[in-house]
Amino acid sequence: MTSYLLSWHGTLLASRDACLCTASFADVLLKVVTPVLVEDGYEVTPARSGLVLCAQPDTTRPLCVLRMGTEFLSSRNSMDLDWTGHHMDWESFLPIRASLIPVLHALLSRRWSMGNGSLHLPRIHDFSLVIGEHAWPLETLMATREDDIVLLETEGEETVWILESCPPKVLSQLLNALSESLMGIDSTSETKWLNRQILKVSVAPHEIIHILYLALMCAEQGRLDFAQEFLKCARLYDERPDLIYFQAILSERMGDHAAATAHLSQALAQQFPDSSIIRQFGYLETRMAEGENMLLLLPELMQQVSGSCFDPLFDSLLLPQKMATTNNQDVVQAYSLMFEQFCFSKGRDRGLALLRHEQTCNGIRYWSEICLGHDAWLSGDRAAADRHYGEAKTQAIKTGIMPIHYNCGVFSWLPENEVAGLEDKVVEDRLGTSGWTWKSSVLSGQEDVQPELCLVFGCDTGYFQFIPKLVLSLLKVCMARPKRGRIRLCLGIDSPTNEQLDWLEEMVSALSVHDYGLDFTFAHGPLTYRDGATYTAIRYLIFPEIAERWSCPVITADCDGYFPSDFLTLWEEMKATADYGFRLYAYDKAGHQFFGEPWGFGAGISYFGNAEKVPDIARFLHNYLQIAYNPDNPTNWCIDQCALVQAYRQFVAPDWETLRIRFMDDGTPLMVMPHHVGGKQELLEHEGTVSAEDVQAFLSG
């Protein structure tokens, strides 16, 4: 039997003309070099005078050493040979059958899968063939190759390992077939996406994610048979149950409800070997078998049961689908939420195509109307947007669908014809603030002095915990300022406790006696309706009274924040450079909204610098809230943002080119807010906690 000498580094001992060298398997197969052969025990060919091959002592493997007198031949690395006076185990050579070389070369040149598992790039290490977690000693390895299949055995053992090369023939055939199907048809953005993905797969077929995306794109474009086959290819190399879940979604998309149910059962069984967990999904599989679109509920249920979900890559294929008449409300609600999330997530063109298909499947529904409204709004068609939002609201209330949290503003959105001239209308006090009690500090000799700036906040008894820190930070800022004008802090609070009311009155008394550069006004009383929407609106409900009493610029903001030490410097800079300031995170610098919904308009902090316009804006905001709030709505969340953006569109946006507008999220913030420090509790603790007693101690110090 003819053998070659393999080094620990995985190279072969060979000769190039008169020189000994190391060589790769490819060099030997291409006959670039002449391999050193071992025949009949330890006979080396070609023979070299003084070079002796002998067995390495004290080893269980048939390793050999090459000697020249007292020196040993060492393969120092994968390229270099040298002589050394002492010998280490890794400097040995292993005789391996010459017939193995073509198969080993094929194995080392590409990735392979073992059975139905992940892909591996084989390597030689410690005189063994290593693939994944498996190692075969090369001296006992038997390997045969047939096309793209390699069979591995170990002498004396019965186990046969089957390896398939990557890419398999079926994948290459699929890529060719898909490419041919795209020839001769008009080029569209969708066909361009497909061709790009085909290239990605052809360049890196071992990257399973490329194959999965290709399957997904095929499905999205209606090439469901191709999607099915590409997904099967991906499953050759990826055993995750997530891919079986993808198969369930694809089967549902293809209308094979029975197959979808079977695939889902298989995916869950593989994901959760614990039968007690599987039982918790029993009702889902039962309802699915009865025809309900239960895959829509799976992510939330998995999160509840195990805290994790299947990979959501294929979830978009659940849209659109004709809703089964057997669906219960929970399924319809889940479909609505998913549609709101996915509709325009991949661009406007694909979103509009999805909407057309959706309306064909299910007609006029809340979720399609809200998305059509957003598209019309962003396209500048206010009238169409108002119509769609009105229909979306009607459908949501009629069918009991709750919008996703950022679309709740649809319940409080007023069409353009209802807000025209709203600042001049007399409206009913639905929210009850007209009867609130007002108290203000008045410093002797300053009765007629107008403030330089009013800061307006609102809260309930729970959010009152943020007020001491806000007040103390502002007191310190104002005290450190040279006497140039005054700042007035205005606070509206719903039904304060007796303790809170006493503290507020102490504040008024203290600031009426001592000049801290800060004046204080508060209004209190009960709101007619008490919820998260009305609490956030308090600042705007008390705004008209403030604008009537004092003529100056105004900042409105959330109460869960405090003022940095350089607040007044920042304010002076803003006053000198801006007429208005808003959190315009969905707008470009030309004032155009480029994503989101109309009420995606941050109300966290706003600046109204044109004192002459402040009274009109204040009345508009107040009146909008009084009219739009409806206790019968499922929610009035985002009502403050609805009011603010409508005021912005009426009083600011028309003069964008001539006004100086500050993007409040740019530059150094005027207030430290929860999103700056990691959350509300973090804000209370940031730079030290502050209690009501701390403020009292400061004022009496």
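Everything in the sequence shown is counted per the working numbering, starting at 15 for the first residue and increasing by one.
Cβ atoms here follow ideal geometry from the backbone N, Cα and C, with glycine treated the same way.
Residue i, buried or exposed, once every other Cβ within 10 Å from all chains shown has been counted against 16
{"i": "H388", "result": "buried"}
{"i": "H100", "result": "exposed"}
{"i": "Q664", "result": "buried"}
{"i": "S179", "result": "buried"}
{"i": "E147", "result": "exposed"}
{"i": "Q695", "result": "exposed"}
{"i": "P540", "result": "exposed"}
{"i": "G715", "result": "exposed"}
{"i": "S330", "result": "buried"}
{"i": "N307", "result": "buried"}
{"i": "H690", "result": "exposed"}
{"i": "Q514", "result": "buried"}
{"i": "Y44", "result": "Just to set this straight, residue 44 is Leu in the shown sequence, not Tyr. When all chains shown are included, L44 counts as exposed."}
{"i": "P567", "result": "buried"}
{"i": "G459", "result": "exposed"}
{"i": "C492", "result": "buried"}
Helix, strand or coil at residue i [DSSP, three-state]
{"i": "I384", "result": "helix"}
{"i": "L13", "result": "The shown model of the chain, from 15 to 715, leaves out residue 13, and the question about it has no answer."}
{"i": "E53", "result": "strand"}
{"i": "I223", "result": "helix"}
{"i": "Y576", "result": "strand"}
{"i": "W175", "result": "strand"}
{"i": "Y662", "result": "helix"}
{"i": "M82", "result": "strand"}
{"i": "P255", "result": "helix"}
{"i": "R237", "result": "coil"}
{"i": "D533", "result": "strand"}
{"i": "P482", "result": "helix"}
{"i": "L135", "result": "coil"}
{"i": "V709", "result": "helix"}
{"i": "F622", "result": "strand"}
{"i": "D329", "result": "helix"}
{"i": "V184", "result": "helix"}
{"i": "F634", "result": "helix"}
{"i": "A338", "result": "coil"}
{"i": "D94", "result": "coil"}
{"i": "Y420", "result": "helix"}
Nearest candidate by alpha-carbon position, reference residue i, set the options
{"i": "N10", "options": "D443, T374, N91", "result": "Any property of residue 10 remains undetermined from this structure, which presents the chain solely from 15 to 715."}
{"i": "F324", "options": "F286, L555, Q514", "result": "F286"}
{"i": "V215", "options": "G198, Q235, S193, D200", "result": "S193"}
{"i": "S89", "options": "P326, H23, G476, V117", "result": "H23"}
{"i": "E253", "options": "A281, H271, D239, M231", "result": "A281"}
{"i": "R293", "options": "L488, V319, N307", "result": "V319"}
{"i": "T73", "options": "E53, K45, T98, W104", "result": "W104"}
{"i": "L245", "options": "H271, I199, L185", "result": "L185"}
{"i": "I569", "options": "K45, F596, R544", "result": "F596"}
{"i": "V164", "options": "T173, E153, E172, L177", "result": "L177"}
{"i": "I653", "options": "K627, R495, C492, C422", "result": "C422"}
{"i": "F677", "options": "Q211, Q355, Y601", "result": "Y601"}
{"i": "F480", "options": "R81, D572, V463", "result": "D572"}
{"i": "T542", "options": "S454, L639, A604, D533", "result": "L639"}
{"i": "I138", "options": "G131, L152, S127, K206", "result": "L152"}
{"i": "I641", "options": "V441, L43, K183, S393", "result": "V441"}
{"i": "L532", "options": "I507, E466, Y576", "result": "E466"}
{"i": "A69", "options": "R62, S63, L77", "result": "L77"}
{"i": "C501", "options": "F581, R553, E243, D516", "result": "Here the sequence assigns Ile to residue 501, which means Cys is not the residue at that position. The shortest Cα separation from I501 among F581, R553, E243, D516 belongs to F581."}
{"i": "Y56", "options": "R81, L658, A32, H271", "result": "R81"}
Expected contact under 8 angstroms - CB spacing of residue i and residue j to nearest Å
{"i": "L51", "j": "L114", "result": "That belief does not hold up - the Cβ atoms of L51 and L114 are roughly 14 angstroms apart, past 8 angstroms."}
{"i": "L697", "j": "V686", "result": "7 angstroms"}
{"i": "A248", "j": "A229", "result": "7 angstroms"}
{"i": "T25", "j": "S92", "result": "5 angstroms"}
{"i": "C385", "j": "G404", "result": "Not a contact, Cβ separation roughly 15 angstroms."}
{"i": "L264", "j": "F356", "result": "Between F356 and L264 the Cβ distance is about 17 angstroms, and since that is not below 8 angstroms, they are no contact."}
Closer than 8 angstroms to chain C by CB, residue i
{"i": "S113", "result": "Judged by its chain identifiers, the structure shown contains no chain C, having just a single protein chain."}
Inset, instruction - Spell out a yes or no on whether the segment 341-359 and the segment 309-322 are touching, meaning 3 or more CB-CB pairs, one atom from each, closer than 8 angstroms. - result: When Cβ pairs closer than 8 angstroms are counted between the two stretches, the segment 341-359 is seen to touch the segment 309-322, the count reaching three or more.
Inset, instruction - Indicate whether the contact test is met: 3 or more Cβ pairs, each with one atom in the segment 558-566 and one in the segment 519-529, closer than 8 angstroms. - result: Counting Cβ pairs under 8 angstroms, fewer than three are found: no touch.
Inset, instruction - Count the CB pairs spanning the segment 333-343 and the segment 374-386 that are closer than 8 angstroms, and state whether there are at least three. - result: Contact between the segment 333-343 and the segment 374-386 is present: 3 or more CB-CB pairs across the two stretches fall below 8 angstroms.
Legend entry - Segment contact flag, the segment 480-488 with the segment 447-455, C-beta cutoff 8 angstroms, min 3 pairs: Inter-segment contact for the segment 480-488 and the segment 447-455 is absent: fewer than three beta-carbon pairs are separated by less than 8 angstroms.
Inset, instruction - Specify whether the segment 222-239 and the segment 134-146 touch according to this definition: at least 3 beta carbon pairs, one from each stretch, less than 8 angstroms apart. - result: Too few Cβ pairs lie closer than 8 angstroms, so no.
Legend entry - Contact the segment 581-595 vs the segment 611-624: 3+ CB pairs below 8 angstroms: Contact holds: three or more Cβ-Cβ distances are below 8 angstroms.
Inset, instruction - Would you be able to state if there are at least three C-beta pairs under 8 angstroms between the segment 456-474 and the segment 548-557? - result: In this structure the segment 548-557 touches the segment 456-474; the number of beta carbon pairs closer than 8 angstroms is three or more.
Legend entry - Inter-stretch contact (C-beta, 8 angstroms, three-pair minimum) for the segment 431-441 and the segment 633-640: Using a C-beta cut-off of 8 angstroms, the segment 431-441 makes contact with the segment 633-640, since at least three inter-stretch Cβ pairs fall below that distance.
Inset, instruction - Tell me, please, whether the segment 381-398 touches the segment 577-591 by the rule of three or more beta-carbon pairs shorter than 8 angstroms. - result: Because the criterion of three Cβ pairs below 8 angstroms is not met, the segment 381-398 and the segment 577-591 do not touch.
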